[in-house]
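**Q** The structure under discussion is supplied below as structure tokens; questions concerning it will follow.
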Amino acid sequence: MEAIALKDRENQIHVKGEAPFDIVCNKDSLAGAVSQRACVFCGSRVVLYPIADALHLVHGPIGCAVYTWDIRGALSSGPELHRLSFSTDLQEKDVIFGGEKKLAAALRELIERHSPKAAFVYSTCIVGIIGDDLEAVCREAEAECGIPVIPVKSEGFKGNKRAGYQAACDALFRLIGTGDTTGISKYSLNILGDFNLAGEIWMIREYYERMGIEVVANITGDGRVADIERAHGAALNVVQCSGSTMQLANMMEEKYGIPSIRVSYFGIEDMAEALYDIARFFKDPAMMERTKKIVEEEVKKLAVALEPYRRALAGKKAAIYVGGSFKAFSLVKAFRLIDMQVVMVGSQTGTKEDYIELEAITDPGTVIVDDSNPLELTTFLKEKEVDVFVGGVKERPIAYKLGIGFCDHNHERKEALAGFEGMLNFAREVYSSVMSPVWQFVPRKKNN
Amino acid sequence: MSTNPPTFKKTKKPNAISTTNACKLCKPLGACLAFKGIEGAVPYLHGSQGCATYMRRYIISHYNEPIDIASSSLSEKHAVYGGGPNLKLGLTNVAAKYRPALIGIATTCLTETIGDDVAMYLRQYAEDTKGSVGLPTFVNVSTPSYSGTHMEGFHAAIREVVAQLSEGGPRSETVNVLPGFVSSADFRLLHEIMADFGLDATLLPDLSETMDGPALLEYEKIQQGGTPLADIKAMGRARATIEFGPTLGAMRTGGDVLAEKFATPLHRIGMPVGIRETDVFFHLLEELSGRPMPEKYAKQRGRLVDAYVDGHKYVFGKRAVIYGEEDLVVGLSSFLTEIGVQPVLCASGSTSGRLTEAIARVTGDTLAEQPQVFEGMDFYEIDEMAAQMDIDLVVGHSKGYPLAKKLNIPLIRVGFPIHDRIGGQRILHLGYSGAQQLFDTVTNALIEKKQNDSPVGYFYM
């Protein structure tokens, strides 16, 4: 392989079968390497964003707020306060004299205007430097306005996106435990780490309801403050997107004794396994029967519908580069289900354990990469002759420029890809890119 | 209703402390876009990793083109001890991996606040790397996002490029064109116009190819196109500079620097949007080239006038909200006014202090009722005012979509960003041909609205 990586990044790339498995990860991005990662603030913002009846106020200069305005395809069944972008829009004088007064006034103004059920106040790089006391301002606003006002310690430079997830979990943890839990069923759970992109959490909730389980709180897709406040009354935490909310589950287990299980809702295999795991947890034979029936019905429907896609796509090559590696596991399996071959897989924030698991489930020759960048990614795509690349908005032009198909699997997507129906949508998405006649015109194909 | 004679109802601008749904972007983003229009350049942000990634995502969603923005990726210890070492490491890495001709370094609020002296770091870096071959040229610009918007960042970057790279010497025949932040299609049109006048021109920046390139076999680390460095160097010798931007002047621009340092005559005119502002531009080109307007443009202008006549009734008296970057808002106000649309609210998120005056210049003679003009606006305020104004049309970038949807009226997508359609970089705003496209779009949107709302379902005008 050509020396496509900067020297300091070579140990963050691994080709399965070429050497004993070893990969370095969870380290700071290298300066000048054009990482695809974002920052602490981004991590917090995307996790808390879907809580629809809360005010999300970004304390900082305008950029941080404006780049996250309506950033996720996270739907709400009711209020849509989360879709507005609020900022204190700090100016030079605020930076010099401190932004606390402006923050307090902005909070008062916005709470009065929108009557939110709670307010999250996000700290940004600059707030960490000028030393505004967010705790104090929030405490005062809380006393004055009578709603929870929670600081989110998300100064951009204080780590990477994972640190932002932690800050979001800390903020959520302050809400949990403050609500009344009477009347919650013993068969109950919280959904953690689903953000209701394109209505996915509604599909998942419906499966749980059909199983006879009460969902106490969505954390955070289509989330509501009051539900989160009583989340400690649930019997189980079901954690998807473990990178972002596993910490919260751990904290809840420690304080409230709520066990948790990790699941993934992507692909038939993982979706079915998630429902079975949950049914097993509740040890209720009737529930297990109902679960089997759901899976059976859904899979039967799907198998027929998927068949034409599988036939068309068999043998095509896929590459995956996503934020969290748990999603990557599911994608590897989902591609296998439609007989496609995964030749590259990577993530922005995977842990060592994640990469060991990825190595275990992929085929020999697969490139496994941590915290990659455009130059590396293009090299892999070309070398491996990829037909479709799965990633987020930042990866899309890389694929398209080379005339390679693309499937958006990031938080901005507008297609539901979770659940059983989601697998069909996913196949359709992949199919509609791979099978398009436009590739005949791209240089990559013309030269063949 | 809207074809009634105008009413003179004044509404009050809300005076909020917080900003909701900003109608502006941050300063470093503008600088990155400006650097992206230089041949062989890599934009570089001296700050934490998030800024670069957010801006890339934001820019990609408009252009659907790759844009690599490097970052110092500062972490907590750098914020405490200074970002110098990471800046130097980052520059070395970018130089090694991209082999750029230029690295354009913009600061962020983080590095401005901790007091990093980028110019000094660059001097040290030059000292450290003395004797190395193949090092890129560096340009740095201070872009704290707590003062000014992406447009101040854009113009500041252009100013610094010129100030740090342009050289004097014997006068050349070249004309500098500093058009500001226009679309790739606009840049291509400007090239064509200058060539048709027989003028040797240097466009700075030049986003015609770098942000609207072809599908490729080999991925380019740095996209082709952009203003060549040699041309930028020679800008100090040019015989004139044309700069679009009636609201510029509160800050020093590239045109100002060229005038001060090299006595290059500066012609600052409005963005050539619509017939009248394009006429101003073409008259200037006639003067500079000593040639009459080429036949091709005379014909374009003729067709445009003919189209204005054909469509005038469908647009007359319609009331529009216009928002976005100040100079574009001025151009659009001029265009809409001359076709008979009534701009009722002209808004921008930035605060040059010159918007009212600049708009009065282009609407004054024609309009009985002057539009309300406000700087420092966000979409919460624009929405609130528009709700009381009986509006038929929203004109601006795609972030005004919620407003248009709420009012159930057409949104004419112009400028940046266009995040809900493809081809934002191919929207033509400038010249007679740009006005032709804008006119057809506006007119047909209004006709379509009427048609859709009609229970009759006419399909003949």
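Residue numbers (numbering that gives the first Met the number 0), protein chains in the order written: chain A, 0 to 447; chain B, 0 to 460.
For glycine and all other residues, C-beta sits at the position ideal for the given N, C-alpha and C.
How big is the Cα-Cα spacing for C50 (chain B) and Y313 (chain B)?
**A** Counting from one through the second sequence, the residue named residue 50 (chain B) turns up at place 51. Counting from one through the second sequence, the residue named residue 313 (chain B) turns up at place 314. If you take the alpha carbons of C50 (chain B) and Y313 (chain B), they lie about 45 Å apart.
**Q** Quick check: the Cα distance between S146 (chain B) and L86 (chain B), rounded to an integer number of angstroms?
**A** Translated into the one-based positions of the second sequence, residue 146 (chain B) becomes position 147. Translated into the one-based positions of the second sequence, residue 86 (chain B) becomes position 87. Cα to Cα, the separation comes out at about 23 Å.
**Q** Please report how far the alpha carbon of Q246 (chain A) lies from the alpha carbon of F172 (chain A), in whole angstroms.
**A** Numbered from 1 along the first sequence, position 247 holds the residue referred to as residue 246 (chain A). Numbered from 1 along the first sequence, position 173 holds the residue referred to as residue 172 (chain A). C-alpha separation (whole angstroms): 10 Å.
**Q** Determine which residues share a DSSP beta bridge with H55 (chain A) and list them.
**A** Position 56 of the first sequence, counted from the first residue, corresponds to residue 55 (chain A). DSSP output for H55 (chain A) lists A:F119 as bridge partner(s).
**Q** Kindly list the residues whose CB is nearer than 8 Å to the CB of H311 (chain B), restricted to its own chain and excluding five residues on each side of it in sequence; keep chain order.
**A** For the purposes of this step, residue 311 (chain B) is taken as the residue at position 312 of the second sequence. The residues are I338 and G339.
**Q** How many angstroms separate the CA atom of G197 (chain B) from the CA atom of P271 (chain B)?
**A** As a first step, residue 197 (chain B) must be located in the second sequence, where it is residue number 198. As a first step, residue 271 (chain B) must be located in the second sequence, where it is residue number 272. Using only the alpha carbons, I get a separation of about 19 Å.
**Q** Does any C-beta atom of chain B lie closer than 8 Å to the C-beta of T90 (chain A)?
**A** Here residue 90 (chain A) corresponds to residue number 91 of the first sequence, with the count starting at 1. A quick correction: the sequence has Gln, not Thr, at residue 90 (chain A). By this cut-off, Q90 (chain A) is an interface position.
**Q** What separation, rounded to the nearest whole angstrom, lies between the Cα atoms of W438 (chain A) and I403 (chain A)?
**A** Taking the first sequence and counting its residues from 1, the one referred to as residue 438 (chain A) is at position 439. Taking the first sequence and counting its residues from 1, the one referred to as residue 403 (chain A) is at position 404. Approximately 8 Å, taken between the alpha carbons.
**Q** Rank B:A95, B:I37 and B:T110 by C-alpha distance to the C-alpha of P204 (chain B) and give the top, closest one.
**A** Here residue 204 (chain B) corresponds to residue number 205 of the second sequence, with the count starting at 1. When each option's Cα is compared against that of P204 (chain B), the closest is B:I37.
**Q** Determine which residues of the region 17-42 of chain A have a Cβ less than 8 Å from any Cβ of chain B, and write them out in chain order.
**A** Correct list: D27, S28, L29, A30, G31, A32, V33, S34, Q35, R36, A37, C38, V39, F40 and C41.
**Q** Across the region 89-97 of chain A and the region 31-48 of chain B, are there enough close Cβ pairs to call them in contact, namely three or more that are closer than 8 Å?
**A** These segments do not touch.
**Q** Suppose the cutoff is 7 Å on Cβ atoms and the five residues either side in sequence are ignored; what does the same chain contact list for N451 (chain B) look like?
**A** As a position in the second sequence, residue 451 (chain B) is number 452, starting the count at 1. Contacts found: none.
**Q** Excluding the five sequence neighbours on either side, which residues of its own chain have a C-beta within less than 6 Å of the C-beta of D353 (chain A), listed in chain order?
**A** One-based indexing of the first sequence puts residue 353 (chain A) at position 354. So the qualifying residues of the chain are S324.
**Q** Quickly, what does DSSP pair S187 (chain A) with across the bridge? List them, please.
**A** Numbered from its first residue, the first sequence carries residue 187 (chain A) at position 188. Partner(s): A:E213.
**Q** In whole angstroms, what is the alpha-carbon distance linking R443 (chain A) and K381 (chain A)?
**A** Working through the first sequence from its first residue, we reach residue 443 (chain A) at position 444. Working through the first sequence from its first residue, we reach residue 381 (chain A) at position 382. Whole-angstrom Cα-Cα distance: 9 Å.
**Q** Using a Cβ-Cβ cutoff of less than 8 Å, which residues in the same chain neighbour S259 (chain A) once the five nearest sequence positions on both sides are dropped?
**A** Within the first sequence, the letter at position 260 stands for residue 259 (chain A). Within the same chain, S259 (chain A) has close Cβ partners L191, L235, N236, V237, V238, M245, A248, N249, M251 and E252.
**Q** Check whether the Cβ atoms of D377 (chain B) and N20 (chain B) lie closer than 8 Å to each other.
**A** Counted from its first residue, the second sequence places residue 377 (chain B) at position 378. Counted from its first residue, the second sequence places residue 20 (chain B) at position 21. Yes.
**Q** Would you mind telling me which residues of chain B sit closer than 8 Å to E9 (chain A), beta carbon to beta carbon, in chain order?
**A** Numbered from 1 along the first sequence, position 10 holds the residue referred to as residue 9 (chain A). None at all; the shortest Cβ gap to chain B is about 13 Å.
**Q** Can you look up V360 (chain A) in the DSSP assignment and give me helix, strand or coil?
**A** Taking the first residue of the first sequence as position 1, residue 360 (chain A) is located at position 361. In the sequence as displayed, the identity of residue 360 (chain A) is Ile instead of Val. Of the three classes helix, strand and coil, the one that applies to I360 (chain A) here is helix, per DSSP.
**Q** Per DSSP, V41 (chain B) forms a beta bridge with which residues?
**A** The residue labelled residue 41 (chain B) in the question sits at position 42 within the second sequence. Beta-bridge pairing links V41 (chain B) to B:I102.
**Q** Secondary structure at Y457 (chain B), three-state DSSP: helix, strand or coil?
**A** Your numbering for residue 457 (chain B) matches position 458 in the second sequence. Coil at Y457 (chain B), not helix or strand.
**Q** Does the beta carbon of L445 (chain B) sit closer than 8 Å to a beta carbon anywhere in chain A?
**A** Within the second sequence, residue 445 (chain B) is the residue found at index 446, counting from 1. So no, L445 (chain B) is outside the interface.
**Q** So, for V331 (chain A): in the same chain, excluding its five sequence neighbours on each side, which residues have a beta-carbon less than 8 Å away from its beta-carbon?
**A** Counting from 1 along the first sequence, the entry for residue 331 (chain A) is found at position 332. Cβ within range, chain order: I319, V341, V344, L357, I360 and T361.
**Q** Check whether the region 192-209 of chain A touches the region 144-157 of chain A, taking contact to mean three or more Cβ pairs, one atom from each stretch, closer than 8 Å.
**A** Verdict: no, contact absent.
**Q** Determine the DSSP secondary structure at P13 (chain B), reduced to helix, strand or coil.
**A** Within the second sequence, residue 13 (chain B) is the residue found at index 14, counting from 1. P13 (chain B): coil per DSSP, three-state reduction.
**Q** Please report the residue range of the beta strand (DSSP E) in which R289 (chain A) lies.
**A** The residue given as residue 289 (chain A) occupies position 290 in the first sequence. Premise fails: R289 (chain A) lies in the alpha helix (DSSP H), P284 to L312, not in any beta strand (DSSP E).
**Q** When we look at the beta-carbon of Q165 (chain A) and count the other beta-carbons within 10 Å, is it buried (16 or more) or exposed?
**A** What you label residue 165 (chain A) is simply residue 166 of the first sequence in a count that begins at 1. Q165 (chain A) comes out buried.
**Q** Which bits of chain A does E64 (chain B) rub up against, with CB to CB less than 8 Å?
**A** The residue given as residue 64 (chain B) occupies position 65 in the second sequence. In chain order: P396 and K400.
**Q** Would H149 (chain B) and C25 (chain B) be called neighbours here (beta carbons separated by less than 8 Å)?
**A** Along the second sequence, read from residue 1 onward, the residue named residue 149 (chain B) stands at position 150. Along the second sequence, read from residue 1 onward, the residue named residue 25 (chain B) stands at position 26. Yes, Cβ-Cβ distance for H149 (chain B) and C25 (chain B) is below 8 Å.
**Q** Entirely within the region 373-408 of chain B and at least 3 residues each: give me those beta strand (DSSP E) ranges in chain order.
**A** Listed in chain order, they are 392-395.
**Q** Tell me the rounded alpha-carbon separation between M460 (chain B) and D309 (chain B).
**A** In the second sequence, counting from the first residue as 1, residue 460 (chain B) sits at position 461. In the second sequence, counting from the first residue as 1, residue 309 (chain B) sits at position 310. Going by the C-alpha atoms only, they are around 12 Å apart.
**Q** Take every Cβ of the region 289-303 of chain B, pair it with every Cβ of the region 320-340 of chain B, and state whether three or more of those distances are shorter than 8 Å.
**A** At 8 Å Cβ cutoff, the stretches do not touch.
**Q** For F137 (chain B), which of B:E285, B:A214 and B:L90 has the nearest alpha-carbon?
**A** For the purposes of this step, residue 137 (chain B) is taken as residue 138 along the second sequence, with counting starting at 1. Considering only alpha carbons, the answer is B:L90.
**Q** Looking at R275 (chain B) and G244 (chain B), is the spacing between their C-beta atoms short of 8 Å?
**A** Your numbering for residue 244 (chain B) matches position 245 in the second sequence. Your numbering for residue 275 (chain B) matches position 276 in the second sequence. No, Cβ-Cβ distance for G244 (chain B) and R275 (chain B) is not below 8 Å.
**Q** Just by C-beta distance, which residues in the region 150-162 of chain A are closer than 9 Å to chain B?
**A** Flagged, chain order: E154, G155, F156, K157, G158, N159 and K160.
**Q** Is the region 111-124 of chain A touching the region 48-58 of chain A in the sense that three or more CB pairs, one from each, lie closer than 8 Å?
**A** Segments in contact, yes.
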